[in-house]
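What follows is a short report on a single structure.
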Amino acid sequence: MEEQLQALARGLEKGKLTVVTGLRRYGKTSLILTYLNEAKLDYVYIDCRLLPEGMVSLDSFLKLLEEELTRKKWARRVLSQVEAIGFSGLEVTLKRKGERTLLNVFRALEGRVLVLDEAQELRRSGYRFDALLAYAYDHLNLKIILSGSKIGLLYRFLRVDDPEAPLYGRAFAEVKLRRLREDEAREFLERGFEQEGVKVPRRKIERAIEKFDGIIGWLTYFGYSTVTGGEDIEAVYDKAAKLALSELEHALKIYGVGEKRYREILKITTLLGEARWSEIKRGIEARHGRIPNNTLSSMLKNLVDSGFLEKDGETYKISDPVLKHGIRKFW
Ligand SMILES: Nc1ncnc2c1ncn2[C@@H]1O[C@H](COP(=O)(O)OP(=O)(O)OP(=O)(O)O)[C@@H](O)[C@H]1O
Ligand SMILES: [Mg+2]
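Position 62, counted from 1, in the sequence shown is what my numbering calls 85; the numbers after and before it change by one each time, with no gaps.
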């Protein structure tokens, strides 16, 4: 990922905001942490996926910040001047919660890097995290990295193109992660098995690339399962598919009674491989009755923005081959 490492380095050097995008398991978190560690930069890393479900409060964000600051050796020195910060034993505690404390901590972090991984989760809040980011961008010497696997949702949160939005017009760099090409995926697996001293037949590697494509997280999952358990490829494929499926099911829960129709869209798309709008509409209506065009459009947009579907010209398809296998086999 040399190219993307360089793009990330450039983004951080030249500007204040760098956005790292890529679907699930494309290697975003590894890229960011590898770079920051290799460049020996001081950073604070918040995984916004750890925020509670439902509405996100400022408090729950501060809690993650506290935990991360506790992990950092340099944080005590930097934060000792900040009011409302306490040190109880080994822990950093923010004695008062609230925006002022947060801003004071951000101010104390000047000169360092703030990483908000899966930042789209911050959109589920009454607190305007986008305004906070805009404030930090405009007034603080703080480098910010945002990442997101739900790319459409991330941009719905940032609204960089909306004149009414706090972050409108701010320059930022985007580092896009992609799948590995076939030759890269092959090299990745071969080198990994070689390092582990495990002999894996060429045929098995080729089948793994067919199934897991160039998705580095799945290739790693396959490699790890093969090295540790010697499991056969079908078993690994099924296990991975169940994992992807459970993530999807979890995400669809927010739609409540609407979930059935979301499932139907995904099933039709899986069945057809590539599905046109009109085919999806017909399929849903056959099972669930009439659906208004704008309702279907917004459902499709939600699925695309969440990274489950990909739109290619006039057709939709499931973006993750492993998830597709799961839908086909287990739904
Ligand atoms: N360049 C790399 N070299 C080796 N392994 C990698 C590399 N990038 C990612 N991986 C492995 O692939 C898996 C997925 O990577 P990572 O968690 O960084 O992806 P992600 O895009 O952040 O995924 P998610 O969307 O699930 O958060 C990890 O187990 C990681 O160790
Ligand atoms: Mg990640």
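All residues carry an ideal CB built from backbone N, CA and C; glycine is no exception.
Contact test: residue i Cβ vs ligand 1 heavy atom, cutoff 6 Å
i	result
G240	yes
Y49	yes
M24	yes
S172	yes
T243	yes
Check: residue i C-beta below 6 Å from any heavy atom of ligand 2
i	result
T52	yes
CB contact flag (residue i, residue j, <7 Å)
i	j	result
E287	I307	yes
D14	K120	Coverage of the chain is limited to positions 24 through 354, which leaves residue 14 absent and any answer about it impossible.
R193	Y160	yes
L28	Y68	no
G349	L268	yes
L31	V198	yes
E297	T338	yes
D153	L125	no
I168	I55	yes
Span of the alpha helix (DSSP H), counted from its first residue to its last, around residue i
i	result
V327	N316 to D328
E308	W300 to H311
V115	Not the alpha helix (DSSP H): V115 falls in the beta strand (DSSP E), residues E114 to L117.
G240	I239 to G252
G349	P344 to F353
D70	No alpha helix (DSSP H) contains D70, which is instead part of the beta strand (DSSP E) from Y66 to D70.
Residue from the options with nearest C-alpha to residue i
i	options	result
S248	L212, G279 and E233	L212
L323	R310, I341, H311 and A309	I341
R72	K334, N164 and E144	E144
V128	V345, F84, S148 and I303	F84
Extent of the continuous beta strand (DSSP E) run through residue i
i	result
E133	Counting along the chain, E133 falls outside any beta strand (DSSP E), and DSSP gives it neither H nor E.
L169	K166 to G171
S80	It is not in any beta strand (DSSP E) - S80 carries neither H nor E in the DSSP assignment.
task: For the region 231-246 and the region 189-208, state whether three or more C-beta atom pairs, one from each stretch, are separated by less than 8 Å.
output: yes
message: With a threshold of 8 Å, are at least 3 pairs of Cβ atoms found where one atom belongs to the region 109-127 and the other to the region 78-97?
response: yes
- prompt: At a cut of 8 Å, does the region 100-109 reach the region 169-176 through at least three beta carbon pairs?
  reply: no
field: Three-pair Cβ contact test at 8 Å for the region 178-195 versus the region 29-46
entry: yes
message: Counting beta carbon pairs with one atom in the region 305-321 and one in the region 261-269, are three or more of them shorter than 8 Å?
response: no
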